[in-house]
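What follows is a set of notes on a single structure, which appears directly below.
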Amino acid sequence: MASPYYVSPEQVVQDRSEFVQKGIEKAREVIVLEYQDGLAVVAENPLTTVFKVSEIYDRIAFAATGLYREYEALRYVGIRDAEVKGLTYTREDVTAKWLTNVYSQYIGGNFWQVESKPLEVELLICEVKETPASQNRIYHLSFDGTFWEEERYAAVGGRADSIVQFLDDTYSENLDLKSAIELAIKTFESLETEFGTEETYEVSIETVEIAVLDVNRGRRKFRRLSNAVLNEILA
Amino acid sequence: MLIEPSRYSTSNLLGFLKSEHPDLVKFDLDPSLISDWRDNSLNPLEGTTIIAAVYKEGVVIAGDRQATAGFQVGERRIQKVFDVDEHSAIAVAGVASICIEMAKLFQVQVEFYEKIEGVLLSLEGKANYLSNMLKSNLQLAMQGLIVIPLFAGYDLKRKCGHIYKYDVAGGRYEQESYDAEGSGGKDARASLKKLYRPDMSREDILKAVIAALWDAADEDLGTAGPDLLRNIFPVIKTITCSGIKNVDESEIKDLFLDLFEKLGK
């Protein structure tokens, strides 16, 4: 019987990481920013019906970058599993921490399964605070299933590091929604200047997708901001 | 594979629950388990009167607050009217546990569809889905575990209020004006028959619904009127193009007091 070739775990991780990173480098970014009423999620996405940001559950939103087909499946599974948990216990028991763990298992499991293609995705799982006194949560999920908690702002996508660097210098606490959106757009503009290629384009509300988790809303905190609403906010 | 493509193509959460989490779908119980429950005097709570009526700006939906257990009051503050989304609501009459379960699963299903597809399910789509849920409850209904819902909503495309009534077998019938179901439903309908006019204002339709609720409570033992001692009032919601709103308890109380004054004269 022929024995399978030995490949060291280090080699597996390196090969698969390189493969995924190559994919994610090309992915357009998503930023999440804490503002005075919750969390604002801003993605570079000129499409109006194909989304990178969406509602998972009452206080939880999902922001993704990478291959649409793959994060769309994750989004579906997340909404489904959240509904099942909410029906099994009660709605408040569905938390971003739990959901991040579920995703971590799906993504990490896929990363290590040699016969399957690792997922080319990076996610931000955002949860708005329940009361003004509690905390917003942002979990950053990487392509290999590892995750960590972020504070105030975070970004995923090819140029996420530059975004975070830019925000380190420009972000301030207690922004109102208008300033938060303007800051996100300015951040994307700075990327266009920094990485300017012939593909450079002008960043405007037509080229971004924006949604908020607003603590003041009813049970469902998620709200997608249409261009008409954005024009009103930014006026 | 993360998810089978055949699974993904559906926005039907209940189908998934039935196959993977049957314990969560109570109304899909094995009917053989509950035979003879009435003979054994196991009286589950039953919800009584629910009403819906179309008016000028949209639709109003209401229900009293009592549930009965046989000839006893089972619960004085039960909810029979539930928001489904921003523009629709469901009211349920029948065996309370199954009613509430069905209303909750219906609401979750409608919201699931909206989140997955990124667009709202059409009003008629929601009405048809509810019809399918009732069909799967038919076996239980034959054994007495009956659910009779009313579904009301504002149709954003056609720009008017709509009401759907149902029978036990899942038959779905769109109503142009009003309907009332449950043990006091007949009395409420008789009341609305005299008071209802097309294109009523909000004020007039609320008066008519309050009168119908009172007639149901007055004639039917299972239905409760306003409980002034405990401050318990029927639930009334209006649904218009700007969304769903609860009518304030204080307004409902005043409307009942006005009605009583008129009746006392």
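If you're matching them up, the sequences are chains F and P in order. Numbering-wise, the first sequence is residues 1 to 235 according to the numbering used here. Numbering-wise, the second sequence is residues 236 to 500 according to the numbering used here. C-beta: ideal position from N, C-alpha, C; glycine also.
Nearest-angstrom Cβ-Cβ length linking residue i and residue j, presumed shorter than 8 Å
i                : j                : result
Leu175 (chain F) : Tyr35 (chain F)  : 5 Å
Ile286 (chain P) : Leu448 (chain P) : 7 Å
Leu39 (chain F)  : Asn136 (chain F) : 6 Å
Ala459 (chain P) : Ala452 (chain P) : 6 Å
Ile467 (chain P) : Tyr290 (chain P) : Not a contact, Cβ separation roughly 25 Å.
Gly78 (chain F)  : Leu99 (chain F)  : 6 Å
Ala331 (chain P) : Leu280 (chain P) : 4 Å
Glu206 (chain F) : Pro46 (chain F)  : 6 Å
Thr283 (chain P) : Gly417 (chain P) : 5 Å
Residue i at chain F interface by Cβ criterion, 9 Å
i                : result
Gly351 (chain P) : The sequence shown places Ile at residue 351 (chain P), not Gly. So, interface residue.
Leu252 (chain P) : yes
His256 (chain P) : yes
Lys392 (chain P) : no
Leu494 (chain P) : no
Lys480 (chain P) : no
Leu340 (chain P) : yes
Leu356 (chain P) : no
Leu365 (chain P) : no
Val295 (chain P) : no
Val343 (chain P) : yes
Leu277 (chain P) : no
Leu448 (chain P) : no
Leu464 (chain P) : no
Leu498 (chain P) : no
Leu441 (chain P) : no
Leu490 (chain P) : no
Leu248 (chain P) : yes
Leu259 (chain P) : yes
Whether residue i touches residue j by CB criterion (9 Å)
i                : j                : result
Val215 (chain F) : Lys129 (chain F) : yes
Phe347 (chain P) : Leu248 (chain P) : yes
Ile107 (chain F) : Ile125 (chain F) : no
Ala82 (chain F)  : Val30 (chain F)  : no
His256 (chain P) : Val84 (chain F)  : yes
Arg300 (chain P) : Pro469 (chain P) : yes
Leu123 (chain F) : Val156 (chain F) : yes
Thr303 (chain P) : Leu456 (chain P) : yes
Gly305 (chain P) : Ile381 (chain P) : no
Leu191 (chain F) : Ile210 (chain F) : no
Tyr399 (chain P) : Cys476 (chain P) : no
Gly236 (chain F) : Phe143 (chain F) : This structure does not reach residue 236 (chain F), given that chain F is present from 1 up to 235, and the question cannot be answered.
Leu62 (chain F)  : Arg75 (chain F)  : Note on residue identity: the sequence assigns Phe, not Leu, to residue 62 (chain F). For Phe62 (chain F) and Arg75 (chain F), yes; Cβs fall inside 9 Å.
Ser204 (chain F) : Ile233 (chain F) : no
Gly145 (chain F) : Ala27 (chain F)  : no
Phe317 (chain P) : Ala288 (chain P) : no
Ile474 (chain P) : Val482 (chain P) : no
Arg407 (chain P) : Ser366 (chain P) : yes
Where residue i falls, given that 16 or more other Cβ within 10 Å makes a residue buried
i                : result
Gly250 (chain P) : exposed
Trp148 (chain F) : exposed
Pro461 (chain P) : buried
Leu277 (chain P) : exposed
Lys361 (chain P) : buried
Lys394 (chain P) : exposed
Met368 (chain P) : buried
Lys480 (chain P) : exposed
Lys350 (chain P) : buried
Leu373 (chain P) : exposed
Thr88 (chain F)  : exposed
Asp414 (chain P) : buried
Leu433 (chain P) : Residue identity differs from the one stated: residue 433 (chain P) is Pro in this sequence, not Leu. By the 10 Å Cβ count, Pro433 (chain P) comes out exposed.
Val327 (chain P) : buried
Ala19 (chain F)  : One detail in the question is off: residue 19 (chain F) reads as Phe in this sequence, not Ala. Looking at its Cβ environment, which holds fewer than 16 other Cβ atoms inside 10 Å, Phe19 (chain F) is exposed.
Lys500 (chain P) : exposed
Residue-chain proximity (residue i, chain P), Cβ-Cβ < 9 Å
i                : result
Arg59 (chain F)  : no
Leu177 (chain F) : no
Leu87 (chain F)  : yes
Gly49 (chain F)  : It should be pointed out that residue 49 (chain F) corresponds to Thr in this sequence rather than to Gly. Chain P, which has a Cβ nearer than 9 Å to the Cβ of Thr49 (chain F), makes this yes.
Arg217 (chain F) : no
Arg223 (chain F) : no
Arg16 (chain F)  : no
Arg28 (chain F)  : no
Arg159 (chain F) : no
Arg220 (chain F) : yes
Cutoff 9 Å: residue i Cβ touching any chain C Cβ
i                : result
Phe347 (chain P) : In summary, chain C is missing from the structure at hand, where the protein chains are F and P.
Proximal residues, the region 51–84 of chain F versus chain P, C-beta separation under 9 Å: Phe51, Ser54, Glu55, Ile56, Tyr57, Glu70, Glu72, Ala73, Leu74, Arg75, Tyr76, Val77, Ile79, Arg80, Glu83, Val84
Residues within the region 369–388 of chain P neighbouring chain F, beta-carbon criterion of under 9 Å: none
Positions along the region 424–439 of chain P whose CB lies within less than 8 Å of some CB in chain F: Residues passing the 8 Å Cβ filter: none.
Contact set between the region 280–309 of chain P and chain F, restricted to residues whose Cβ is under 7 Å from the partner: none
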